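*Asks:*
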Amino acid sequence: MTIQTNHDPSRFSYYVTDDFYSELVNDFSDWETEERTISDPVERDRFRRLVEREARILDNLLFEDWLKLFAPECAYWVPSTPEAGDPRHEIAVMFDDRRRLEDRVFRLRTGYAWSQAPSSRTSRLVANVEVFESQTHEQRMVRSNFVISEFWDSEIRVLAGWTGHRFRRIEGTWKISAKQVNLLNCDQCIRNPSIIL
Amino acid sequence: MTVLERMQGPTRLNNTSLYDWDALVREDRVHRLIYTDPAVFDAEMNHIFGGTWVYLAHESQIPNPNDFVTGKLGLRPLIITRDSEGVIRALFNRCTHRGTTLCRWAKGNTRSFQCPYHGWNFLNTGKLRGVPWPEGYAENLVRDPKYNLAQLPRIESYRGFIFGTLNVSAAPIEKHLGPIKKPIDEWLDRNPGGKITVCEANRFKYKGNWKLAYDNSGDGYHVIYSHQSLLETENRFKDENAAKGMAYYKREPDEQPMYIQYMGNGHHFKDKRPNLEKRAGGLWAIESLHPGMEHVAEKLRSRLGERAESILDLAGSEPVNINVFPNLSLLGNHIQVFQPVSFEETDAIWYGTKIDDVDGTLGADVLKDINALRMRTQEGFPNFGEVDDITNFEQIQRGLRCTEDEWIYMNRGLGIPGRIRTLDDGTIKGPATDELFMREYIREWKRLMKAEPDIAIRREP
Chain R
31 MTIQTNHDPS
41 RFSYYVTDDF
51 YSELVNDFSD
61 WETEERTISD
71 PVERDRFRRL
81 VEREARILDN
91 LLFEDWLKLF
101 APECAYWVPS
111 TPEAGDPRHE
121 IAVMFDDRRR
131 LEDRVFRLRT
141 GYAWSQAPSS
151 RTSRLVANVE
161 VFESQTHEQR
171 MVRSNFVISE
181 FWDSEIRVLA
191 GWTGHRFRRI
201 EGTWKISAKQ
211 VNLLNCDQCI
221 RNPSIIL
Chain S
578 MTVLERMQGP
588 TRLNNTSLYD
598 WDALVREDRV
608 HRLIYTDPAV
618 FDAEMNHIFG
628 GTWVYLAHES
638 QIPNPNDFVT
648 GKLGLRPLII
658 TRDSEGVIRA
668 LFNRCTHRGT
678 TLCRWAKGNT
688 RSFQCPYHGW
698 NFLNTGKLRG
708 VPWPEGYAEN
718 LVRDPKYNLA
728 QLPRIESYRG
738 FIFGTLNVSA
748 APIEKHLGPI
758 KKPIDEWLDR
768 NPGGKITVCE
778 ANRFKYKGNW
788 KLAYDNSGDG
798 YHVIYSHQSL
808 LETENRFKDE
818 NAAKGMAYYK
828 REPDEQPMYI
838 QYMGNGHHFK
848 DKRPNLEKRA
858 GGLWAIESLH
868 PGMEHVAEKL
878 RSRLGERAES
888 ILDLAGSEPV
898 NINVFPNLSL
908 LGNHIQVFQP
918 VSFEETDAIW
928 YGTKIDDVDG
938 TLGADVLKDI
948 NALRMRTQEG
958 FPNFGEVDDI
968 TNFEQIQRGL
978 RCTEDEWIYM
988 NRGLGIPGRI
998 RTLDDGTIKG
1008 PATDELFMRE
1018 YIREWKRLMK
1028 AEPDIAIRRE
1038 P
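Line by line, the protein sequences give chains R and S. With my numbering, the residue at position 158 of the first sequence is 188, and numbering never jumps. With my numbering, the residue at position 366 of the second sequence is 943, and numbering never jumps.
1. If you draw a straight line from the C-alpha of residue 663 of chain S to the C-alpha of residue 735 of chain S, how long is it?
2. Round the Cβ separation of residue 960 of chain S and residue 124 of chain R to the nearest angstrom and send it over; I've been treating them as touching at under 8 Å.
3. Taking residue 964 of chain S as the query, report the chain R residues whose CB atoms sit under 9 Å from its CB, ordered along the chain.
4. So is residue 104 of chain R in contact with chain S if we call contact Cβ pairs under 8 Å?
5. Applying the criterion that 16 or more other CB atoms from any shown protein chain within 10 Å of the CB defines a buried residue, is residue 1008 of chain S buried or exposed?
6. I need the DSSP call for residue 713 of chain S, collapsed to helix, strand or coil.
7. Listed in chain order, which residues of the region 112-134 of chain R have Cβ atoms closer than 8 Å to some Cβ of chain S?
8. Could you work out which residues of chain S lie near residue 151 of chain R, taking near to mean beta carbons separated by less than 7 Å?
9. If you check the beta carbons only, do residue 659 of chain S and residue 643 of chain S fall under 8 Å apart?
10. Taking C-beta to C-beta, are residue 219 of chain R and residue 782 of chain S nearer than 8 Å?
11. Check the Cβ of residue 42 of chain R against every Cβ in chain S and list those closer than 8 Å, keeping chain order.
12. Taking 8 Å as the threshold (beta carbon to beta carbon), is residue 137 of chain R in contact with chain S?
13. Could you give the residue range of the alpha helix (DSSP H) that holds residue 974 of chain S?
14. Using the Cβ count rule (16 or more neighbours within 10 Å means buried), how would you classify residue 584 of chain S?
15. Counting only beta-carbon separations shorter than 8 Å, does residue 903 of chain S have a partner in chain R?
16. What's the gap between the Cα of residue 32 of chain R and the Cα of residue 67 of chain R?
17. Where does residue 664 of chain S fall in DSSP's three states?
18. For the region 820-833 of chain S, which residues have a CB atom closer than 7 Å to at least one CB atom of chain R, in sequence order?
19. Assign residue 852 of chain S to one of two classes, buried (16 or more other C-beta atoms within 10 Å of its C-beta) or exposed (fewer than that).
20. How about the region 737-750 of chain S and the region 631-651 of chain S: do they share at least three Cβ pairs that are nearer than 8 Å?
21. Thinking C-alpha only, which one of R:119, R:213, R:134 and R:37 is nearest residue 575 of chain S?
22. Enumerate, from N- to C-terminal direction, the unbroken alpha helix (DSSP H) stretches of 4 or more residues contained entirely within the region 587-629 of chain S.
23. Could you list the residues in the region 938-952 of chain S with a C-beta less than 8 Å from some C-beta on chain R, going in chain order?
24. Let me know the beta strand (DSSP E) ranges lying completely inside the region 164-194 of chain R, each 3 residues or longer, listed in chain order.
25. Step through the CB atoms of chain S and report whether any lies within less than 8 Å of the CB of residue 218 of chain R.
26. Considering Cα atoms alone, identify which of S:694, S:785, S:725 and S:712 is closest to residue 706 of chain S.
27. Can you list, in chain order, the residues of the region 774-794 of chain S whose Cβ is nearer than 9 Å to any Cβ on chain R?
28. By the three-class DSSP mapping on this structure, what secondary structure does residue 57 of chain R have?
29. Where DSSP assigns a beta bridge to residue 105 of chain R, which residues make up the other side?
30. Quick one: Cα of residue 592 of chain S to Cα of residue 1014 of chain S, how far?
31. Check this for me: beta carbons of residue 121 of chain R and residue 956 of chain S, under 8 Å apart or not?
32. Kindly indicate if chain S contains any beta-carbon less than 8 Å away from that of residue 140 of chain R.
33. Residues in the same chain with beta-carbon distance under 7 Å from residue 153 of chain R, minus the five sequence neighbours each way, listed in chain order, please.
34. Given that residue 954 of chain S touches chain R, what residues does it touch there, using C-beta distances under 7 Å?
35. For chain R, find out if any of its Cβ atoms is closer than 8 Å to the Cβ of residue 809 of chain S; answer yes or no.
36. What did DSSP end up calling residue 647 of chain S once you bin it into helix, strand or coil?
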C-alpha cells in the first residue's frame, strides 16, 4: 500500500488540520468585500450555473453525483450560530469532511435511515448569486441565498438562509472545496434536520 | 431575608383529582393518556416541572458577573443570572407591571433589564430599580417587594449543573441526586481538572411528548433497530481493527457486561463502559470515524507516545447515559436537555462540551487539538442517530391517536427470576435492554403527580 492510498480522503482524515480550519475560518470571514466582486458576466454565470446545478442534483436525490461536485479534500459546514464561529471551538449543526460526507450519503442509502424513510421531496431556489475573487490563486468564493421547500411527513416546511461556496480549480475543473450553509434558524431547535442542505 | 409567596385563590389547580393515576400507570404498562392529554401535560408543568428539581443551565454558560442566559422551567420563561456578587438566580422573565417578557435575548451580560413595554427597570437580582414617572403612582414602587421580579425559591448547583425548583420543601440537590452523583462525578473527572465548558449545541424539535425522549434515554432495546443506519455507516469499512460505536449491541446485548441501573428519584444510569477493553485507548479504539481523527491521533502519538492513547479517549464518546429526571441526560460528551413545549411537542438540545483543563495537565496545544476533535466526535450521533430517534418519537405520538388501543408496555424483563437485582444502596440493576428504568421512573412520576408540591415563588425583599 502506498502512502498516497493511505491518505485517500474518502477513507482517512489526515488533512483536517489546524491549518485547514484556520484557512476555512479565514476564507469564510474575509471574502465578501466589494473590491473582490467579480462583475464579468461570463464568470458570474459560470458559478451561478454550478450552484443551480448542485441544487437540481440534490432535489433529484442524486447524492453520488453531488459528491462528485466536491474536491477530494473538502468541508461541508452548517454552523450552529449566525456568526458561524470557529468549528474548532463550537459544535456545528453539521461539519463533514470528505469521508463523513460519504457517510452521510451511505446512511441515506442504507434503507434504515428512518428520518428519511420515505425521503423528503425538496424544491430549492437559489438566488442573489455573487462571485468574489479570493486571495488564493485558482479559488473563488460564491455567495447565494436559498429557500428550500421540503415536503416531509405530510407537511411542507421551509428552510431558508444563505450559502457560501468555496470553489477551487482542480485539474481544470471547478470543484467545491468547502460549502458553508447558514440557516436562518441555525441556533434554534429544528425538526428532523436530516436532508442534505 | 427571603420573601415567599404561595399562590392563592381560585386559580390554584387541584391536579390530584385529574385522574386516578394508579389506573393510568400500572406495573407493566402505562395508559396513552399520559402522553396525549393536554390536561396531564398542564399538571406535569406544576407537579414535575415545578414540584421537583429541574436542570436549568450550566455554570459555564454564565461564567462572569452579570452574565445571563434565558431558559425555561417547564413553560415558564426564565432569565438565569449571575449577579455582580456571583450569586446565581432564576428570575421569571416577566415584568411585574403588565407581564411582558422582559428579556428577549438568548444570552448576554448586563446589570439590569429594562422592560421594552413601559420602561420598568430591574437589577439582575430581580429588584425593581425604577419606573418612568414614579410620581404617577400613589406609593413608592421600589420599596414594595411585590414589584420585584418573581424568582425560583430554590437554586442549587451540583458541580456546575444548575438546578431549580419551585418546591420550597424539596430535599437539597445533593440528596435528591443521591446515587446518580457517582456517575456524574466520573463523567466530569475523566476530564483533566474535572471541569467542562458548554460550547453550542445540536438542537432538535419533535412533535411528541417529552416523556418519549426520557423513556428512550436508557433504552438498550431500540439500538440495533432504530440505529441500524448509524451502525452500518460506522462500520462500513471492513478493514478497521475494531467494531465501531455501539456495535456491541449486536451481540446478545443482555449477555454483555453493560447494564442499566435505576438510581432513585426518577434517575437512571446506562453504563456501557464495562464493554470496553480496559486500557488507555480502549474507548478511542471503538470511536467511529470523524473529521481530523487520523491527523490528531498521528500528531499526538508522535509527540506523546503512549500517553496519547488516554488523551485520545478524552475526545471519545464516553459510553454512558446518565439520566437525571426529568430533563437532563449526560451521554457521550453531551449535556442533553429535554424541554417540553406542549403535550405533543418537545425540544431536545444536545449541548456540546469541551475540556477546561484548569490545571494545564494537557498543555495548550494538546488541549486545542483534542477539543477540536471532540467537537467532531460530538456531531456524529446527533446527525446520524438522533434524527432517527426523534422520527420514531413522532411516529409514537401519531400511533397514540388510536384512542381505543389504550396501553403502552414497559414490561421487558419484568417477572423473570434472577434478572433484576436490588442492591444494598437501593438501586436496581438489570441487563442492558431491560425496561426496568422506565417502570421505576414512571412510578416516581406517578408519586409526584399524586403529591401536592409545596410551591412558592420568591422575591427580593
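All residues carry an ideal CB built from backbone N, CA and C; glycine is no exception. Quick caveat, the model's predicted, so the values are computed rather than measured.
*Replies:* Looking at the coordinates:
1. 16 Å
2. 6 Å
3. 143, 144, 145, 146, 222, 223 and 224
4. no
5. buried
6. helix
7. 115, 117, 118, 119, 120, 121, 122, 123, 124, 125, 126, 127, 129, 130, 133 and 134
8. None at all; the shortest Cβ gap to chain S is about 16 Å.
9. yes
10. yes
11. 871
12. yes
13. 964-976
14. exposed
15. no
16. The pLDDT assigned to residue 32 of chain R is 45, lower than 50, so where the model puts this residue is not dependable, and the model offers no usable value.
17. coil
18. none
19. buried
20. yes
21. With chain S covering only 578 through 1038, there is no way to say anything about residue 575 of chain S.
22. 598-601, 610-613 and 615-624
23. 945, 946, 948, 949 and 952
24. 169-182
25. yes
26. S:725
27. 776, 777, 778, 779, 780, 781, 782, 783 and 784
28. helix
29. R:208
30. Unreliable placement is indicated for residue 592 of chain S, whose pLDDT of 48 sits below 50; no coordinate value is reported for it.
31. yes
32. yes
33. 89 and 179
34. Those do not exist, as residue 954 of chain S stays about 10 Å from chain R at its closest Cβ, beyond 7 Å.
35. yes
36. strand
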